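Positions 1 to 240 (UniProt numbering) are the ones given, in order, by the sequence shown.
Cβ atoms here follow ideal geometry from the backbone N, Cα and C, with glycine treated the same way.
Everything numeric in this text was worked out from a predicted model, so none of it was measured.
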Amino acid sequence: MSENTLYKLNDDASTLVTEDFRAGDVQYSDARLKAFREATDLTANLDALEQVIDWVLDERSPVEKGTTEIEAAVAPAVRKFIDIPLREAGDPSLWHWLAIAWKPEFVRYRWPYDDSQRTVTSMNEKFLGSTQDLYTNAFSRMWFIAEFTCDGDDYSVTEAVFKQQYRVNRIFDRMDLRRPATGRALSKVAIDEDADDDILEETAKTVSHQWSVTAEECLKEDIIEDIVGEIHERVERRTM
């Protein structure tokens, strides 16, 4: 398997995200990036990931520009081929490099700048956002949500939950729910097409409160899934 060095960008890289860059087909050269880039000790199979992304970007692809299906198709590959420790994944400058220097055209395809709801600030966040906010940086968002929803090599829940944009944000906006077992359990509730958004929101809040009094890390995954399921049923009964 081919491995490529991963880089990170320094804080001055924010100057690269100009109006032309946000809106246009701009790809910076290695010479232009030299002052902003620093090699890490991390590697990833970017060649394989690029094949997946290029398939999505191809004009013959069934995946339409600006849709959630893009992330559903690409997120499993982001997590699979950028197989790095969770601690290192928390460094936002790594994801800034991927978004600004490696594949900015992907970011523009998923989050078109000419969308009526897009602003300069929200577009900048897709390139420069923090890993604390999983609605921001285009690549870190996919990596972390895939990390919290996959079951080994099974990304079926990941793919399904990314098609539910509102619901995935309601779950992973909360720092204390960004845990694999909890993320999978809540995501299984969220991907039910008949699920109610308000009930899901209340379920997430209640699970969040539950983990403030219960040590989730001490529980087995099947127990966590049972607890989340019971909480969801209680919330449903209260709202009927």
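What is the rounded straight-line gap between the Cα of residue i and the Cα of residue j?
i                 : j              : result
isoleucine 223    : glutamine 27   : 48 Å
arginine 60       : threonine 43   : 31 Å
cysteine 218      : threonine 182  : 12 Å
lysine 220        : alanine 48     : 34 Å
glutamate 236     : glutamate 3    : 48 Å
arginine 234      : tyrosine 166   : 22 Å
leucine 46        : alanine 23     : 25 Å
asparagine 124    : aspartate 91   : 17 Å
aspartate 194     : lysine 188     : 12 Å
leucine 86        : arginine 37    : 22 Å
phenylalanine 139 : tryptophan 97  : 10 Å
alanine 99        : asparagine 137 : 8 Å
threonine 131     : isoleucine 84  : 15 Å
serine 212        : isoleucine 199 : 20 Å
phenylalanine 21  : valine 120     : 11 Å
Looking only at its own chain, which residues have a Cβ that is under 8 Å from the Cβ of residue i, when we skip the five neighbours before and after it?
i                 : result
arginine 118      : Trp111 and Pro112
phenylalanine 172 : Leu134, Phe144, Ile145, Phe148, Arg178 and Gly183
glutamine 164     : Thr68, Ala190 and Ile191
aspartate 151     : Val157 and Arg184
aspartate 197     : Tyr166, Arg167 and Arg170
Run through the DSSP bridge pairs and tell me what residue i is partnered with.
i             : result
leucine 9     : Arg37
asparagine 4  : Ala44
aspartate 154 : Asp151
Which term fits residue i, buried or exposed, when burial requires 16 or more other beta carbons within 10 angstroms of its beta carbon?
i             : result
arginine 238  : exposed
serine 29     : exposed
glutamate 230 : exposed
glycine 129   : buried
proline 76    : buried
valine 228    : buried
alanine 35    : exposed
threonine 158 : buried
lysine 15     : According to the sequence shown, residue 15 is threonine rather than lysine. Result: exposed.
valine 161    : buried
glutamate 71  : buried
threonine 214 : exposed
threonine 108 : It is worth fixing the name first, because residue 108 is arginine in this sequence and not threonine. Looking at its Cβ environment, which holds 16 or more other Cβ atoms inside 10 Å, arginine 108 is buried.
valine 101    : The sequence as given places alanine at residue 101; valine does not occur at that position. Buried: at least 16 other Cβ atoms inside 10 Å.
Only counting the same chain, and skipping five residues up and downstream in sequence, which positions put a Cβ closer than 7 Å to that of residue i?
i              : result
asparagine 169 : Tyr135
serine 208     : Arg174, Asp176 and Leu177
alanine 39     : Thr5 and Tyr7
lysine 103     : Ile53
threonine 18   : none
Which residues in the same chain as residue i place their Cβ atom closer than 6 Å to its Cβ, once the five residues preceding and following it in sequence are excluded?
i                 : result
phenylalanine 106 : Ile53
threonine 141     : Residue 141 is actually arginine in this sequence, not threonine. Result list for arginine 141: Leu134, in chain order.
alanine 73        : Val56 and Val63
Give a yes or no on whether 8 Å exceeds the smallest Cβ distance from residue i to chain C.
i                 : result
phenylalanine 106 : The structure shown has no chain C; it contains just one protein chain.
- Message: To test your reading of the DSSP string, which unbroken alpha helix (DSSP H) runs of 4 or more residues are found completely within the stretch 121 to 184?
- Response: 138 to 149, 156 to 162 and 165 to 172
- What residue ranges within the stretch 176 to 234 form continuous beta strand (DSSP E) runs of no fewer than 3 residues, ordered along the chain? none
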